[in-house]
Ligand SMILES: Cc1ncc(COP(=O)(O)O)c(C=O)c1O
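Residue numbers (the working numbering): 287 to 732.
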């Protein structure tokens, strides 16, 4: 055990009782804790001093790898110069610099950025922007939103209302009304299809059915993850996103891409909008915006949306009654600027694209294992779905996440799908190591 791990172990394991951990089986975890006490590059070290390779980039956010000195230095310098400025009616230069730098890599004409502190807050903010935009145009009768089965849009009440994952909503029945669900895009015939399936584009016609049922003029926006991430990497069928765009255009409905996972190079282009060649009206982001170093999210909108909402208010009046104490926190802005610098300087989006085939080949080498039910993936994002324990969905996935951890690999499981997403800095040897451990552990499953 090294010098750093030992004292931290004593501290960290002193008492686990008081912290109610999120999305965690608390009683089980506290009986068999899995703590990380050090991280660097693609590596984590657990409280026993063992190395664990990070196969999910933390929670898909640590794209440039752990322990980036440039980010820590930028945050430290910012905290010393100016630790906090509220952004209500005053401000600080970092937010404008970050918004400009982010706009430069966003698709045209998406050039205006509202900062939040998480993906969940980005979703609530996007819902409100959609409402504010329609109201500013005198189109306030658009009271409906469209989402999708198996969608994950975070955990605030807006995101829960849009959620298509039963466990995330059945305990919380009092949600936003008027949300209509489209079907998800997974079909049995697309099992083991790599990249975009050839079939399934017609599932986008569920949006047309909502239009035909409720009237297109009552629908404010449709929210989709371009690649559904948390539900296990559902890659959109060819033509699907294009069809959604067409239907939205025909009926004045805003198209929102939730790029909280797909943004910042994860699937081989800066954003999914670039890869699929479909430009939404609103994009939500978070996670890799600061490389996970500090909490931050963002909502980016087309020029026309910003101009309509800000133009509709009288002079000197606040145009959009929304914002957080920590919107555009100076330290988070410094972390964001340093992170975007790293992506650019190290060409990490291009590196992800260059390694994508190698990564997906490695993942598809698991196809022969009896435990594997399906493989899906695009860029450096893959879903490895195992057969469930009969009648007990999710049980095998939870057990596997623990087994993999003790075998030296961190992979986030949702239900029975492991979501594999190595940091964009990963070398091919890191990918080999991740897949070797997957093979060993999944291969031992009955
Ligand atoms: C697509 C998507 N939207 C929103 C969120 C919520 O982000 P956060 O956990 O930062 O609130 C997530 C988190 O995984 C996500 O994957």
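Where is the CB? At the ideal position from N, CA and C, for every residue including glycine.
Bear in mind that the values here come from a model prediction, so they are computed numbers and not experimental data.
Indicate, with yes or no, if ligand 2 has a heavy atom lying under 8 Å from the CB of residue 407.
Questions concerning ligand 2 fall outside what the structure shown contains, since the ligands it does hold are ligand 1.
Can you tell me the Cα-Cα spacing of residue 256 and residue 530, whole angstroms?
Past the edges of the chain, shown from 287 to 732, lies residue 256, and the structure says nothing about it.
With 16 other CB atoms within 10 Å as the buried threshold, where does residue 615 fall?
Label assigned to residue 615: buried.
Ends of the alpha helix (DSSP H) at residue 332?
Annotation: residue 332 is outside any alpha helix (DSSP H); the continuous beta strand (DSSP E) that includes it extends over 329–332.
Tell me which residue opens and which closes the alpha helix (DSSP H) that residue 721 is part of.
Residues 714–729.
Who are the Cβ neighbours of residue 464 in its own chain at under 8 Å, not counting the five residues just before and after it?
Setting aside the 5 residues that flank it on each side, residue 464 is surrounded in the same chain by 429, 430 and 431, each with a C-beta closer than 8 Å to its C-beta; the list follows chain order.
Can you check which of these residues, 631, 375 and 514, is closest to residue 602 by C-alpha distance?
Taking only the C-alpha atoms, the option nearest residue 602 is 375.
Nearest to residue 418 by CA position, among 694, 691, 597 and 613, is which residue?
Ranking 694, 691, 597 and 613 by Cα distance to residue 418 puts 597 first.
By alpha-carbon positions, which one of 559, 335 and 605 ends up nearest to residue 593?
Measuring C-alpha to C-alpha distances from residue 593 to each of 559, 335 and 605 identifies 605 as the nearest.
Less than 9 Å separating the beta-carbons of residue 491 and residue 443?
Their beta carbons are not under 9 Å apart, which means residue 491 does not touch residue 443 by this criterion.
From residue 351 to residue 558, what distance separates their C-alpha atoms?
Approximately 21 Å between the Cα atoms of the pair.
Quick check: residue 652 and residue 728, are their CB atoms within less than 9 Å of each other?
In contact: residue 652 and residue 728 (Cβ atoms closer than 9 Å).
The stretch 508–526 / the stretch 558–572 touching (three or more Cβ pairs under 8 Å)
With contact defined as three or more Cβ pairs closer than 8 Å, the stretch 508–526 and the stretch 558–572 are in contact.
Taking 9 Å as the cut-off, decide whether the C-beta atoms of residue 400 and residue 585 are in contact.
Contact: yes.
Decide if the stretch 703–717 is in contact with the stretch 359–369; the criterion is three or more beta carbon pairs, one per stretch, under 8 Å apart.
No contact exists between the stretch 703–717 and the stretch 359–369.
Beta strand (DSSP E) runs contained entirely in the stretch 337–375, provided each spans 3 or more residues
DSSP runs (the beta strand (DSSP E)) wholly in the stretch 337–375: 337–340.
Work out the CA separation of residue 694 and residue 569 for me, nearest whole Å.
Residue 569 and residue 694 have their C-alpha atoms some 35 Å from each other.
Classify residue 305 as helix, strand or coil using the three-state DSSP reduction.
DSSP places residue 305 in coil when its eight states are reduced to three.
Please report the Cβ distance between residue 229 and residue 672, rounded to the nearest whole angstrom; I am assuming they are in contact, meaning their Cβ atoms lie under 8 Å.
The chain is shown only over 287 to 732; residue 229 falls outside these bounds and no answer can be derived.
Whole beta strand (DSSP E) elements within the stretch 417–442, 3-residue minimum:
Within the stretch 417–442, the runs of beta strand (DSSP E) that reach at least 3 residues and sit entirely inside it are, in chain order, 430–434.
Under 8 Å: does the beta carbon of residue 341 sit that close to some heavy atom of ligand 1?
No - ligand 1 has no heavy atom lying nearer than 8 Å to the Cβ of residue 341.
Host beta strand (DSSP E) of residue 698 (start-end):
Per DSSP, residue 698 belongs to the beta strand (DSSP E) from 698–700.
Is the beta carbon of residue 462 less than 9 Å from the beta carbon of residue 413?
Yes, they are a contact pair.
Please name the residue in 324, 654 and 572 whose C-alpha comes closest to that of residue 548.
Of the residues 324, 654 and 572, the one whose Cα lies closest to the Cα of residue 548 is 572.
Just verifying my parser: in three-state terms, what is the DSSP assignment at residue 293?
Residue confidence is low: residue 293 scores 48 on pLDDT, short of 50, so the model does not pin down where it sits. Its coordinate-derived value is still stated next. Reduced to three states, the DSSP call for residue 293 is helix.
Who does residue 401 pair with in a DSSP beta bridge?
As DSSP reads the structure, residue 401 sits in a beta bridge with 584.
Report the rounded CA-to-CA distance for residue 312 versus residue 306, giving the unit in angstroms.
Residue 312 and residue 306: Cα-Cα distance of roughly 7 Å.
Does the beta-carbon of residue 408 have 16 or more other beta-carbons within 10 angstroms, so that it is buried, or is it exposed?
Residue burial annotation: residue 408 is buried, with at least 16 other C-beta atoms found within 10 angstroms of its C-beta.
Tell me whether residue 420, by its Cβ, gets closer than 8 Å to a heavy atom of ligand 1.
No, since every heavy atom of ligand 1 falls outside the 8 Å radius drawn around the Cβ of residue 420.
Shorter than 8 Å, the distance from the beta carbon of residue 460 to the closest heavy atom of ligand 1, or not?
The answer is no for residue 460.
Taking the alpha carbon of residue 381 as the point to measure from, which residue in 649, 623, 713 and 665 has its own alpha carbon closest?
Comparing Cα positions, the closest option is 623.
Can you find at least 3 beta carbon pairs, one from the stretch 324–341 and one from the stretch 702–714, that sit closer than 8 Å?
At 8 Å Cβ cutoff, the stretches touch.
Closer than 8 Å: is that where the CB of residue 615 sits relative to any heavy atom of ligand 1?
In this structure, residue 615 has its beta carbon at no less than 8 Å from each heavy atom of ligand 1.
At the level of alpha carbons, what is the spacing between residue 545 and residue 724?
One Cα belongs to residue 545, the other to residue 724, and the distance between them is close to 27 Å.
Count the other CB atoms, across all protein chains shown, that sit within 10 Å of the CB of residue 536; report buried if there are 16 or more and exposed otherwise.
Exposed: under 16 other Cβ atoms inside 10 Å.
Return yes when the C-beta of residue 439 is under 8 Å from any heavy atom of ligand 1, and no when it is not.
Remark: the shortest separation between the CB of residue 439 and any heavy atom of ligand 1 falls under 8 Å.
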